[in-house]
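In my numbering, the protein residues as written are 18 to 593.
Here a beta-carbon is modelled for each residue, glycine too, at the ideal position from N, C-alpha and C.
Since the structure is predicted, the reported quantities are computational estimates derived from the model, not experimental observations.
Inspection log for the structure reproduced underneath, given as structure tokens.
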DNA sequence: GCCGTTTTCGGCCCGACTGTTTTCAGTCG
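Set out below in structure tokens:
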């Protein structure tokens with residue numbers, strides 16, 4: 018069985034969970050958590066690194082011991098230390114840690130006092146009112162546990178960022194109108210541009226006598242108030258989205274925004290840097306002794322620890338601090354850099370508007386060019402085009418281009434990659450296009466070797482410009498295909514073709530770490546809307562955030578090129 | 001378990017809220 022990075026992540030997290038229940042040295046536990054997070058964010062395959070004889074202790078947070086464990090895992094497929102822990106502590110206990118309100122201490126107490134090892138046993142113990150008898154537990158805690166268990170049956174998944182966005186915007190507007198409130202901003206993973214958010218973290222600056230906390234918990238969309246203090250409150254909205262509000266004085270804006278944006282790992286690293294310089298860093302500012310030396314702005318927070326400003330999308334403690342220290346931070350691609358969009362549909366296939374309407378909407382969104390890329394005939398549910406209908410559309414686009422002003426349409430197709438890796442339309446007509454976008458739309462279940470071979474073969478077609486939504490995942494409903502993405506990326510480089518970051522909220526694929534890998538390999542990415550309607554160009558901002566999370570600069574993104582600069586790049590993929 | 005312009009030991013980020021407590025432990029972010 019091939020060992021992939023997520024397998025290592027899971028093993029280290031499991032070790033950390035079990036060590037927590039055993040009440041081990043918290044810093045030892047943190048070492049495993051850090052290692053898990055490091056591997057999670059690694060843009061290369063650990064097994065490959067081991068096979069290449071790379072020194073894993075070069076990685077920050079990996080020492081001799083963890084390097085040995087990683088080597089054991091990738092070579093044998095298991096970890097003897099984890100197996101030893103599982104003999105001492107029932108592995109099912111780690112499931113209990115996921116119950117809100119239960120941490121390692123309480124899980125351990127439940128296990129020792131009541132022999133509770135599983136979620137079922139916990140539910141029974143709560144119903145039979147046995148939990149309140151344990152020292153440190155009471156009736157309220159018992160009720161909370163039972164409630165949490167019942168809520169977990171209807172487990173709340175993470176929200177795609179675009180779904181959370183309108184709720185965030187509405188809350189921000191509401192809070193801004195509360196007396197005494199100065200600024201309201203959404204922080205947390207939302208601000209870091211993650212593809213999904215587990216909750217919304219909102220920061221408000223307000224006068225101390227502002228009723229902002231009370232007004233927050235009284236917001237009409239609040240279904241439940243989980244906690245309510247003077248500077249912090251947590252609620253659940255009717256759609257199950259959790260929202261945290263933190264209120265601070267305006268003078269602490271920068272420090273609080275930095276703290277509340279995270280990530281946690283990034284914050285810890287920054288605080289440690291501050292500590293080395295004799296500074297205390299918290300959400301109120303940076304302090305040398307009692308003296309406050311920074312915190313008005315985020316820039317001042319970074320400057321105080323000797324760093325340039327780091328964009329929120331980079332704050333995952335995955336190399337951004339080292340890059341900042343070395344002066345090597347990327348100048349991230351920005352919304353205004355996008356010149357065009359290379360993937361869109363009209364009602365000729367499964368879109369909802371005419372080509373003319375789509376062109377007008379793209380122009381209104383500030384774009385200079387738009388590729389029309391209908392589905393091909395194999396995708397019958399989307400009314401995919403055969404050669405005859407495609408030929409007709411090409412004539413329509415030629416005619417429109419003679420008439421349109423300020424926007425140029427490119428002739429494309431989103432051609433199906435068939436199960437054997439061939440493309441769904443003949444080379445003859447594909448050769449008459451400006452670009453060929455290709456994608457997998459069925460048989461997502463092929464084994465890794467076959468799926469990878471299928472895509473590599475498709476890339477070797479005479480006409481192949483962009484691999485669209487390369488992993489095929491749909492957030493919350495379909496897992497990514499099992500495909501060797503590093504190999505696909507390397508092949509794209511050899512073949513001279515491009516990969517897509519699809520900006521549809523449920524796709525956002527390539528994901529950040531693969532985008533970063535592509536950048537490192539020198540493969541250009543297209544940030545495309547995959548628009549099916551005139552409103553979908555708004556989604557480009559989410560695709561762009563994903564690109565920024567992949568450390569992409571303007572030069573790394575294909576569709577930041579002017580049309581003049583783009584044409585030869587497209588042409589080079591259409592003639593080999 | 002990691003790490004080192006305090007380098008092989010002794011540190012390791014910081015604070016708010018809740019519930020069960022009479023001063024704080026546990027959990028969370």
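I'd like the list of long-range same chain contacts for residue i, defined as Cβ closer than 6 Å, with 5 residues on each side in sequence excluded.
i, result
"residue 479", "444"
"residue 534", "60, 506"
"residue 219", "203, 262"
Cβ of residue i versus every heavy atom of the ligand GTP: is any distance shorter than 7 Å?
i, result
"residue 76", "Within the structure as shown, the ligand GTP is missing, as the structure has no ligands at all."
Helix, strand or coil for residue i per DSSP?
i, result
"residue 177", "strand"
"residue 6", "The question about residue 6 has no answer, for the chain in this structure spans 18 to 593."
"residue 428", "strand"
"residue 456", "strand"
"residue 301", "coil"
"residue 434", "strand"
"residue 392", "strand"
"residue 473", "helix"
"residue 525", "coil"
"residue 556", "helix"
"residue 551", "coil"
"residue 491", "strand"
"residue 530", "helix"
"residue 311", "strand"
"residue 587", "helix"
"residue 570", "strand"
"residue 462", "coil"
"residue 168", "helix"
"residue 184", "helix"
"residue 377", "helix"
"residue 500", "coil"
"residue 230", "helix"
"residue 370", "coil"
"residue 236", "coil"
"residue 41", "coil"
"residue 31", "helix"
"residue 277", "helix"
"residue 272", "helix"
"residue 147", "coil"
For residue i, which residues does DSSP report across the bridge?
i, result
"residue 241", "253"
"residue 386", "357, 425"
"residue 516", "484, 542"
"residue 112", "Answer by DSSP bridge pairing: none, since residue 112 is not bridged."
"residue 264", "221"
"residue 402", "393"
"residue 259", "216, 253"
"residue 440", "434"
Answer with buried or exposed for residue i, where buried requires no fewer than 16 other C-beta atoms within 10 angstroms of its C-beta.
i, result
"residue 588", "exposed"
"residue 366", "buried"
"residue 276", "buried"
"residue 16", "Outside the displayed range of the chain (18 to 593) lies residue 16, so it cannot be described from this structure."
"residue 44", "exposed"
"residue 337", "buried"
"residue 82", "exposed"
"residue 572", "exposed"
"residue 308", "exposed"
"residue 153", "exposed"
"residue 363", "buried"
"residue 123", "buried"
"residue 310", "exposed"
"residue 552", "exposed"
Sorted by chain position, which residues of the same chain lie with C-beta nearer than 7 Å to residue i's C-beta, five sequence neighbours on each side aside?
i, result
"residue 294", "322"
"residue 224", "197"
"residue 287", "298, 322"
"residue 328", "349, 565"
"residue 111", "31, 34, 35"
"residue 558", "352"
In its own chain, which residues sit with a C-beta less than 8 Å from the C-beta of residue i, not counting the 5 before and 5 after it?
i, result
"residue 424", "376, 377, 379, 380, 384, 385, 386, 387"
Within the region 322-356, note down every full alpha helix (DSSP H) run reaching 4 residues or more, in order along the chain. 337-342
Report the residue ranges of all beta strand (DSSP E) runs contained in full by the region 187-224; include only those spanning at least 3 residues, in chain order. 198-203, 216-223
In chain order, which alpha helix (DSSP H) runs of at least 4 residues are fully inside the region 70-142? 81-93, 97-105, 110-113, 121-131
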